[in-house]
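*Asks:* If you scroll down you'll find the structure; I have some questions about it.
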Amino acid sequence: MLFEYVPGGELFSYLRSAQRFSNSASRFYASEIVLALEYLHSNNIVYRDLKPENLMLTENGHMKLTDFGFAKVISDRTYTLCGTPEYLAPEIIDDQGYGTAVDWWSLGILIYEMLVGVPPFRGDSLSDIYAEVMTGRARFLRNMDLSAK
1 MLFEYVPGGE LFSYLRSAQR FSNSASRFYA SEIVLALEYL HSNNIVYRDL
51 KPENLMLTEN GHMKLTDFGF AKVISDRTYT LCGTPEYLAP EIIDDQGYGT
101 AVDWWSLGIL IYEMLVGVPP FRGDSLSDIY AEVMTGRARF LRNMDLSAK
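Quick note, the sequence shown lines up with residues 1 to 149 if you use UniProt numbering.
Encoded structure:
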């Protein structure tokens, strides 16, 4: 399979280098991701693996979504446990069945990570991460801009 060359590199690399992004940079990147998700969802596709490693930056700083290995055309709900643990929505973990809303959850996780530098739900094991996700309680830094919360 051949893919378009994207010279800017992964968002992951930029984020690790910068440690976190400004509100305006995070807002810009989030808006670009919203456009990609809206397009996928309008075609009944759930992406299921939104994370910094799957976002590439063009030479002009725009986003390209990559790695469609977990993407799926759905008509209603799907039940497969897949994705990256720190970005999974609770309904994926507890096997309720899910739709495109799980991508919006992952976007929220990604926005938090862009602003803080790490995902809100972390742990030493899968079960620790899943337990954190199921609480749904993210910790916000005291010095975080109120408009970002």
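C-beta atoms are modelled at their ideal positions from N, C-alpha and C, and glycine is treated no differently.
Mark Met56 as exposed unless 16 or more other C-beta atoms lie within 10 angstroms of its C-beta, in which case mark it buried.
*Replies:* The residue is buried, with at least 16 neighbouring Cβ atoms inside 10 Å.
*Asks:* Thinking just about the alpha-carbon of each residue, which of Thr84, Thr58, Leu65, Met144 is nearest to the one in Val6?
*Replies:* That would be Thr58, whose Cα lies nearest to the Cα of Val6.
*Asks:* From this set, Phe68, Gly9, Asn23, which residue's C-alpha is nearest Glu113's C-alpha?
*Replies:* It is Asn23 whose Cα lies nearest to the Cα of Glu113.
*Asks:* Please give me, in chain order, every unbroken run of the alpha helix (DSSP H) with length at least 4 that falls completely inside the stretch 103 to 142.
*Replies:* Those alpha helix (DSSP H) runs which fall completely within the stretch 103 to 142 and span 4+ residues are 126 to 135.
*Asks:* Is the number of C-beta pairs between the stretch 121 to 134 and the stretch 58 to 76 that are closer than 8 Å three or more?
*Replies:* Contact between the stretch 121 to 134 and the stretch 58 to 76 is absent, because fewer than three Cβ pairs lie under 8 Å.
*Asks:* Considering only their Cβ atoms, is the gap separating Val46 from Gln18 smaller than 9 Å?
*Replies:* Going by the sequence as given, residue 18 is Ala instead of Gln. Not closer than 9 Å, so no.
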